[in-house]
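**Student:** Residue numbers (my numbering): 964 to 1065.
For each residue, glycine too, the CB sits at the ideal point set by N, CA and C.
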Amino acid sequence: IGLETDDPSEADMNSTVVTRVKNIFSMPLNPPVCLVLGNERYGIDSLVLQRCDLLAEIPMCGKKKSLNVAVAFGVAGFEILRQLTSAPKPKPKPKPKPKPKP
964 IGLETDDPSE ADMNSTVVTR VKNIFSMPLN PPVCLVLGNE RYGIDSLVLQ
1014 RCDLLAEIPM CGKKKSLNVA VAFGVAGFEI LRQLTSAPKP KPKPKPKPKP
1064 KP
């Protein structure tokens, strides 16, 4: 998963990549997961972005368009953990009932 801005004017990526960006809170983050985070100024190299299966963005409110990379990792890591721990657990198989004795 590449974490990238959704603002194409601030990113070093082509229009094909921009259309692949999804909100991190609405995408399934199933293992195995590898987070690729770019720095605040240059983002993620376009060759690396092309190798990512999923591209995620952290939605922002207000005037800020990006987060510090450490904060972005904290948000993304927490979302992965939240999804892993809140996933439905498989139901245990019921124990077979003992056969009545004759």
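1. State the start and end residues of the unbroken beta strand (DSSP E) segment that holds VAL996.
2. Would you check if there are 3 or more beta carbon pairs closer than 8 Å linking the stretch 1014-1031 to the stretch 1049-1064?
3. Out of curiosity, what's the CA-to-CA distance linking TYR1005 and LEU1047?
4. Rounded to a whole number of angstroms, what is the C-alpha to C-alpha distance between ASN977 and GLY1001?
5. For PRO1059 and CYS997, what's the separation of their Cα atoms in angstroms?
**Tutor:** According to the data block:
1. Segment: none, VAL996 is in no beta strand (DSSP E) and carries neither H nor E.
2. no
3. Using only the alpha carbons, I get a separation of about 31 Å.
4. With a pLDDT of only 41 at ASN977, under the threshold of 50, the placement of this residue in the model should not be trusted; the figure read from the coordinates follows. Roughly 16 Å separates the two Cα atoms.
5. 41 Å
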